[in-house]
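For reference, the structure is listed below as structure tokens.
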Amino acid sequence: IQNKNIAKDQDKARDDFFETHKKLALYAICRESDISKVLTETEIQEVKGMMKKIESGEMKSDLIDCIVDGVPRFYNLLFAEYFISEFAGDMLKQIIRGDLQHVSLESMWNFVVNGIMLLCPPGVRNAFEYKLKHDPDLAKLTSDEESDKILFKLVLKPDQKAEIAGNTETSLNVAINEGLVNVTNLLLKGARQYVTKDNADGVVSILKTSAFVAGAANPSWKELTDNVMHCIHNVDSDTLIQTINSEKLEDVSRTVTELYTSTELGKKIQQKIKSDICEPIREAAESIVATSSNNEN
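Right, here's the structure in full:
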């Protein structure tokens, strides 16, 4: 009985430690306006109370060095990044299962799409990508229809606060550019279901990088490629022609050019296109010229 009580106490201490540091990590990285979307006012006051105790020395943490201007300074930012990804994943699972009512599913996805993807350091996004890949419960639960609809709406609608902060990219752009395959597929899955000719322009405008071309260089992007192409095929021809003739395609061209010249992935894609597409065309052209009676043409 005594051993069981000790084990129970240890489990409680561990759970309390994780819950405390997941909330403290939010204040180490995120904006107050984003935190207010996912914590109640009571929870916010509790976290601020803990930070005051750490600052005064009344409370200690093995992971936090000090509090500076209301911001916990973790000994290593990796700890904070890990705790935020855990917080997001656990909250999503609880909300979808119906175990949590005080935070809406839309608010939580808003935090992921416009907070983690646009304003947090890359380490947080990498940690969330890892969690999506290796937590089957999270992957299964977040594939529900309600999440798809919310994500599609959030991906199409730019975050004004992020733009004011100087981030003009979309969450989908960030996911594609950083090679976050699972996050990208999660964001695109809604587009696959709900793209119509009425929102086609919006879908194309956020696909500023050639995700379908990336599939040629990396087999792990096959699902991503399928999702993008499905979006295109689902739109009627009139809308596609109108979109192709629009100025938005200039952004696509510009972004692809930047991708080719400024990233290792872009250089690999460019080389793949040269070897698999351009070179066979050149060889075919030379063969035609060699056998033609009119070589000048």
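Letter by letter, the sequence shown follows residues 1 to 297 in the UniProt record's numbering. Glycine included, C-beta positions come from ideal geometry on N, C-alpha and C.
Span of the beta strand (DSSP E), counted from its first residue to its last, around residue i
i	result
Asp74	Reading off the sequence shown, one finds Phe at residue 74, where the question assumed Asp. Phe74 -> beta strand (DSSP E) spans 71 to 74.
Beta-carbon proximity check, residue i vs residue j, cutoff 8 Å
i	j	result
Leu154	Val113	yes
Leu151	Leu118	no
Phe83	His134	no
Pro72	Ala28	yes
Leu105	Ser36	no
Leu138	Lys149	no
Met108	Ile116	no
Asn182	Glu129	yes
Leu24	Val47	yes
His102	Thr40	yes
Phe74	Leu26	no
Phe79	Leu100	no
Phe111	Asp34	yes
Coarse secondary structure for residue i, derived from DSSP in three states
i	result
Thr42	helix
Lys157	coil
Leu180	coil
Asp16	helix
Asp9	helix
Glu145	helix
Glu32	helix
Ala216	Unreliable placement is indicated for Ala216, whose pLDDT of 46 sits below 50; the coordinate value is still reported in the next sentence. Helix at Ala216.
Ser210	For Ser210, the pLDDT reaches just 44, beneath the cut-off of 50, and the residue's location in the model is therefore unreliable, although a value from the coordinates is still provided. Ser210: coil per DSSP, three-state reduction.
Leu249	Annotation note: pLDDT 49 at Leu249 (below 50); position unreliable, coordinate value reported separately. Three-state DSSP puts Leu249 in a helix.
Ser293	In this prediction, Ser293 has a pLDDT of 48, which is less than 50 and means its spatial position is unreliable; what the coordinates show is noted afterwards. Here Ser293 sits in coil by DSSP.
* With contact counted as at least three CB pairs below 8 Å, one residue from each stretch, are the segment 117 to 128 and the segment 51 to 67 in contact? -> In this structure the segment 117 to 128 does not touch the segment 51 to 67; the number of beta carbon pairs closer than 8 Å is below three.
* Complete alpha helix (DSSP H) runs within the segment 53 to 139 (minimum length 4 residues, chain order) -> Taking 4 residues as the minimum length, the alpha helix (DSSP H) runs contained wholly in the segment 53 to 139 are 77 to 97, 105 to 110, 122 to 134, in order along the chain.
* Counting pairs of beta carbons, one from the segment 5 to 14 and one from the segment 89 to 108, are three or more of them closer than 8 Å? -> A contact is defined here as three or more CB-CB pairs under 8 Å, and the segment 5 to 14 fails this definition with respect to the segment 89 to 108.
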